[in-house]
Structure formats: C-alpha cells, structure tokens
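When we follow full-length UniProt numbering, the leftmost residue of the sequence shown carries the number 1, and every step to the right adds one. First up is the structure itself, then whatever we jot down about it.
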Amino acid sequence: MSAEVPKYTVDDSGDSDDSVSPITSVISSKEVTVSVNVAEYDDDEVPYKDLRQAFKPIENDNVLLIEFSRDTVLVGLKEKQRIFISGVFKLQVVKGGIIYNNIHYNASSEHFNVWHPLCNSIPGIQSSYFAGWEEACHIGGNNKTLVMEDLKDYCCVIRVQNANVNGLNKAGALFPDVKYLWSPRDGARLSFTSDSCTYFFLQEGVDPFTPLLISNEWSNNLESLTVAHKSSLYDTRMMVIGGKNSGKSTFLRLLLENFLYNGERQTVDDEILYLDLDPGQPEYSHPDCISLSRITRTSNILGGHLGQPYFKILRQCYVGSSSPQEVPNLYLTYVDELIHKLEGLDHMGTSLVNLPGWIKGFGLNIMNHIISRYKPTHIILLESKGTRRHLNELNLDLTFESQARSEYSPIVSNIAGVSSNPDELRFQAHQIRTFKTLSYFHATEKTEYGLEYEFSPLLNKPPFQISYGSSGLQGIQFPEEFAGLHEDDIKTALEGTIVGLFCCKQKLEGPIIDKNSFPIIQQQQQQETLYFTSLVLIHSIDVKNKYMNVFIPLFNFEKIKNNPHQKWVIVRGRSEAPLSELYPIGNPFNGERIPYISVEQRKKHEHVWKVRKNVMRRGHHLK
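The structure is reproduced here in structure tokens:
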C-alpha cells in the first residue's frame with residue numbers, strides 16, 4: 001500500500017501543545033505516575049496499603065558496606081518490602097528475588113545497569129522469593145558469609161554499587177537546573193559512602209520523588225502485548241500514540257523490559273528494533289535526531305537512561321529541530337528512510353515506535369502517514385479528556401500487507417493515559433533537552449563497558465580545526481529560509497551554533513556556489529549522498545585561511561580522525577546551542593567582549609519574541 005507524503009501548510013499547523021487537566025503532581029518531564037497495581041498477589045492476601053513496608057537504610061544492619069572504592073553495599077529486604085533508589089547504579093539479586101516493574105527477577109550472577117533520574121517517576125525494587133527448585137547464594141568469599149549469617153533474616157538480598165559512569169552527576173556545575181537530577185537536594189547520604197557515589201537511597205514521605213505505580217489496566221495490556229510478542233510467528237510491529245505527558249515513553253519502556261526480561265533467559269528474544277521518531281524527547285537518538293536502533297537482551301539496562309548508554313544505532317537522521325512542526329516535510333522524508341531501512345532488514349521479531357506528542361492539526365496528518373508506512377500490527381492509544389477527540393480523527397480502519405504477512409488489520413487498544421500539569425513538573429522538557437545536549441558534547445568515552453564525562457566549559461578547551469573548500473569540508477547546507485542569506489552574514493549565521501556533520505557517500509548533486517569563500521550547497525541532497533556522523537558546535541571561523549574551529553564529542557572524534565581523506569558536509573538546522581555553553585557560569589571572559597552574545601543585533605533568521613499589547617483572546621474580557 002502506498003501513501004503520499006502529506007504537504008504542510010501554515011493553516012494546518014494546529015497547536016502542538018495538548019490541553020491537559022491537572023490530576024496529580026508528578027516529577028517528570030515526559031514520564032508519568034499511574035495507579036498502583038494490586039494484581040501481583042493472591043486475592044486473599046491483605047490489601048496493598050498494608051503491604052507497603054517503607055525501607056529505611058540502617059548501616060551495619062540492613063545495609064552492609066563490602067567495598068568502599070565502588071560504594072558496594074549489600075541490602076537486606078524483608079518480605080514484600082520496597083526500596084527506591086535514584087541515580088545510576090549496578091544491581092545484582094544475590095538471594096531470593098525481586099519484582100521490578102511487575103517483572104520477577106531471580107537471584108543470579110547477572111548484573112543490571114539501572115538508571116533512575118528524578119525527572120522520571122522512580123520504580124520500586126520489591127523483595128520476593130526465588131522462583132525455582134534450587135536456590136543459591138550468588139556471591140563468593142567472605143561476602144557469602146555476610147549474606148548467610150548477618151543477613152539471614154532477610155528473604156531477599158541485593159547488591160548495589162556505582163555504575164561504570166564517571167562524571168555524569170557533575171553536569172549541574174555547568175547547567176545548575178539539573179544539579180538535583182540524580183539525587184534530592186536535602187537527602188541524607190549514608191555515612192560510609194563516598195562523595196562520588198552514583199546512587200541514593202530514597203525514603204518515602206521524606207525525599208521529594210514520585211513512585212512509579214502501574215495500574216491494572218496498564219498491567220493487563222502489557223501482559224496481552226507480551227503474549228502477542230512471544231507467540232507471533234511473524235514480525236510484530238507496535239506503536240503507542242498519545243499527547244504530551246500521556247505516558248508514551250513509560251509504556252514503551254515497560255513493553256521493552258517485558259519483551260527482553262520477562263521469562264526465562266532462553267525463552268525471551270535477544271533483540272528488539274526501536275524506531276525513535278521523537279526528535280524532541282528521544283529515547284536512543286542524539287539530540288534533534290531520529291533513528292533506528294537495535295536493543296539487545298545483553299545490554300541489561302533498566303529504567304529511564306535519558307539516551308546516555310551505548311546502543312547500536314543502525315541508522316540516524318539529523319532533523320535539526322526538536323519538533324517536526326518546524327520541518328514537517330524534511331521530518332517525513334527521514335521517517336520514510338528509517339522505515340525503508342527497517343523493511344530492508346527482514347526482521348522477524350518485534351519492533352517498537354516512539355512518536356512525538358503532536359496529535360493536533362497537521363500532526364494528525366503526520367501520524368496517519370507514519371501509520372500507513374510502518375504498517376503496525378498493534379496500536380495503543382493513550383487517551384485523556386484533552387486528546388480523545390483528536391485521537392478519534394486518526395485513520396485506523398486500514399488493511400496492510402507486508403513481506404511476511406498477508407492482509408491484516410492492526411489491533412487497536414484504547415487505554416487511559418495520564419494527564420499532568422506541566423507547571424507542576426520539577427523538570428521541564430526543555431531542561432532535559434539541554435541536559436542531553438550538554439552530556440552529548442561532554443561525553444569523552446561511550447562504550448558498552450562504561451561512560452566518561454567531563455563538564456568543564458568547552459570554551460576553556462582547544463577546539464578542533466576543519467578546513468573547508470578544496471579539502472575537508474566540501475559544502476555547507478542551509479535551510480530553505482536561508483536562501484537569501486547575504487554572503488557577509490554566513491560567518492555569523494554559523495558561529496556559536498550546533499550543526500550536523502555528514503560524510504559524503506557520493507558526489508554532491510547540483511551546483512556549489514562560492515559565497516565569500518564558503519562553499520554553499522544550493523540543492524537538497526538525496527539521502528544516499530549524505531550520512532549523518534555527529535553533531536558539531538562551531539566555535540569560530542577563519543575566513544581568510546578557510547578553516548573552522550569546532551567542538552566535536554570526543555567519543556565521536558576517532559571516527560572522523562581515522563578518515564583523513566573523507567569528504568564532509570555540514571548542515572545548519574535549528575538546533576540551539578545551550579546558553580550555559582556559550583556563556584558559562586562565572587564569566588571567563590574578564591571584561592572582554594562576550595563572543596556569540598550581542599545586545600545590538602541578532603543573528604540572521606533567528607527567532608525573536610515580540611510583545612503584543614491589547615490582544616483580545618478567548619476568555620479575556622474588559623472590566
């Protein structure tokens with residue numbers, strides 16, 4: 001079935017912000033808190049409120065330090081007791097079992113990397129028993145004696161230690177808005193843990209956080225979708241559609257964890273393909289990008305990782321904006337490219353789609369286009385009062401054919417999303433976007449074995465140099481609205497901005513015009529020609545000697561350095577450089593003229609907020 005790309009006009013823009021009605025205050029930029037699940041235990045057991053045994057860490061009692069260098073502790077949990085931990089940490093179930101997001105994990109030698117930022121609701125780790133015939137204590141040496149003797153009265157013992165993530169909690173020094181992203185402001189840290197400890201034990205009713213509690217409706221739908229995933233003989237394609245702050249990312253993450261970890265190791269799939277199509281709040285893509293990634297069982301990653309760990313990205317496209325509303329036609333072109341890439345893999349397993357929350361006006365056209373191209377087998381609609389009428393306008397009465405399936409129609413499930421008041425969130429979406437951009441440029445190492453960050457201002461570091469013209473950088477591409485840009489304004493339109501760096505796979509199409517020594521690409525390039533490599537922050541440009549001083553993430557630099565004869569192109573989009581990067585705290589410029597910032601003029605084509613007075617809107621009445 002073919003589908004035409006919908007054309008975007010100004011009248012179709014609609015409103016990208018969904019109307020929401022405040023229900024509860026949640027600590028989340030995109031995550032949600034949903035009602036508690038009580039179906040986890042037998043009906044004849046006591047109500048859930050009686051099962052909530054708050055965990056309070058007591059040193060040398062239920063918490064034992066076993067290795068100071070990595071802040072490694074053993075934690076004993078009583079029957080059905082829950083513990084909440086923020087930060088980034090490695091988790092092992094040493095004795096018994098745990099329930100995490102309604103999934104049971106037996107004691108084993110397996111370690112999980114858990115990400116619990118306070119911008120999301122925090123899942124609880126609840127004690128359980130070993131589900132099997134032969135229970136063992138999965139720890140050796142003197143530590144086994146501690147488990148069997150000192151912690152013998154606890155049905156569950158977990159080991160918690162620092163993750164292989166260094167420097168991430170220092171981001172607040174550069175961007176104070178996220179200083180308390182990983183630990184609460186006034187939380188009491190255990191006395192025997194170090195200052196570099198990457199995790200924090202939270203106490204219910206004391207520390208400011210919101211537990212992630214899963215409703216029966218969500219649990220039932222997650223279970224049925226997991227059954228469909230495991231029993232399907234063909235490829236299974238699932239997409240979750242909803243407005244902003246409706247719980248899309250939370251639901252998708254729960255789905256992913258169920259697919260990869262719910263069941264015996266030999267009965268679960270080893271990989272899931274993930275279409276990350278939300279450039280504003282991506283799960284796996286780089287900032288302002290969309291991508292297709294392969295998520296494997298062996299990654300052992302739980303929680304909301306904010307796109308930090310290393311994942312295998314199969315294809316990535318630089319949209320150059322955090323919203324498809326700004327570049328809808330380009331966005332749809334990239335969506336088609338990624339879906340075409342997915343089709344070419346002949347994947348017989350399951351794929352998931354992360355979508356933006358733009359479900360009004362032209363956003364509905366985009367959703368309908370993605371549905372027709374992706375050909376989902378299952379569609380989950382997260383409804384709220386403010387979005388139900390918009391979701392009803394989606395074209396879901398469709399029949400598809402794929403390489404593996406004959407005619408089929410998608411199974412549509414309507415479940416309740418969660419509405420929240422954006423003004424009550426501790427972390428706003430733009431703050432998390434800024435954090436992701438900063439962590440991207442300040443990551444010095446990013447591998448499957450660990451992550452390293454260094455958050456001193458980039459302006460304090462020497463930039464890399466890239467020549468342009470006859471060698472190195474072959475061309476510069478601007479958005480369509482920059483077509484009339486004067487040659488004298490090109491330099492200022494690039495300095496202090498984030499651009500996409502692409503390698504040329506084929507000869508560039510169309511003419512390349514020399515404007516004040518800058519090679520300007522006049523024609524939009526085909527996707528087979530350019531391949532996205534990295535984001536780049538342009539520090540300054542030497543027009544006379546034809547080179548640019550740029551900042552490239554160190555974890556990406558080797559790919560560029562090892563290809564000295566590669567031809568490159570930069571694409572200027574609408575990506576915003578964080579102000580904290582251009583003007584760091586403490587003003588290091590010592591009274592000199594501050595670069596990138598002007599009170600006299602603005603960059604060409606930059607957005608300016610204009611104050612309008614005496615504008616009558618709905619609900620505004622004269623006295």
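C-beta atoms are modelled at their ideal positions from N, C-alpha and C, and glycine is treated no differently.
What three-state label does DSSP hand residue i in the structure shown?
i           : result
residue 238 : strand
residue 377 : coil
residue 548 : strand
residue 533 : strand
residue 437 : helix
residue 525 : coil
residue 228 : helix
residue 19  : Low local confidence applies: a pLDDT of 40 at residue 19 is under 50, so the model's placement there is unreliable, and no value is given.
residue 150 : helix
residue 178 : helix
residue 72  : strand
residue 199 : strand
residue 370 : helix
residue 518 : strand
residue 158 : strand
residue 80  : coil
residue 276 : strand
residue 580 : helix
residue 496 : coil
residue 484 : coil
residue 489 : helix
residue 540 : strand
residue 432 : helix
residue 168 : helix
residue 54  : strand
residue 39  : Bear in mind that the predicted position of residue 39 carries a pLDDT of just 37, short of 50, making it too unreliable to give a figure here.
residue 296 : strand
Taking all protein chains shown into account, decide if residue i is buried (16 or more other Cβ within 10 angstroms of its Cβ) or exposed.
i           : result
residue 335 : buried
residue 101 : buried
residue 182 : buried
residue 389 : exposed
residue 519 : buried
residue 385 : exposed
residue 404 : exposed
residue 55  : buried
residue 374 : buried
residue 154 : buried
residue 114 : buried
residue 298 : exposed
residue 516 : exposed
residue 244 : buried
residue 171 : buried
residue 148 : exposed
residue 185 : exposed
residue 340 : exposed
Mind checking who residue i pairs with in its DSSP beta bridge?
i           : result
residue 447 : 450
residue 97  : 106, 128
residue 568 : 473, 503
residue 416 : 383
residue 65  : 73
residue 59  : 63
residue 317 : 290
residue 211 : 122
residue 271 : 296
Taking 8 Å as the cut-off, does the CB of residue i come closer than this to any heavy atom belonging to the ligand ZN?
i           : result
residue 310 : What this structure holds is no ligand at all, so the ligand ZN is not there to describe.
Please check the pair residue i and residue j, which I expect to be a contact at CB under 8 Å, by giving their CB distance rounded to whole angstroms.
i           : j           : result
residue 94  : residue 106 : Contact doesn't hold; Cβ gap of about 11 Å is too wide.
residue 359 : residue 377 : Not a contact, Cβ separation roughly 21 Å.
residue 57  : residue 122 : Not quite, the Cβ-Cβ distance comes to about 15 Å (not below 8 Å), so this is no contact.
residue 118 : residue 426 : 7 Å
residue 533 : residue 559 : 7 Å
residue 65  : residue 73  : 5 Å
Starting from residue i, trace the alpha helix (DSSP H) both ways and give me its first and last residue.
i           : result
residue 145 : 141-145
residue 625 : Residue 625 is absent from the structure shown; the chain starts at 1 and stops at 623.
residue 336 : 328-344
residue 388 : 388-391
residue 561 : 554-561
residue 258 : 248-261
Using a Cβ-Cβ distance under 9 Å, would residue i count as near chain C?
i           : result
residue 130 : Structure shown: chain C not included; a single protein chain is present.
What are the boundary residues of the beta strand (DSSP E) that residue i is part of?
i           : result
residue 354 : 350-354
residue 302 : 301-303
residue 466 : 464-467
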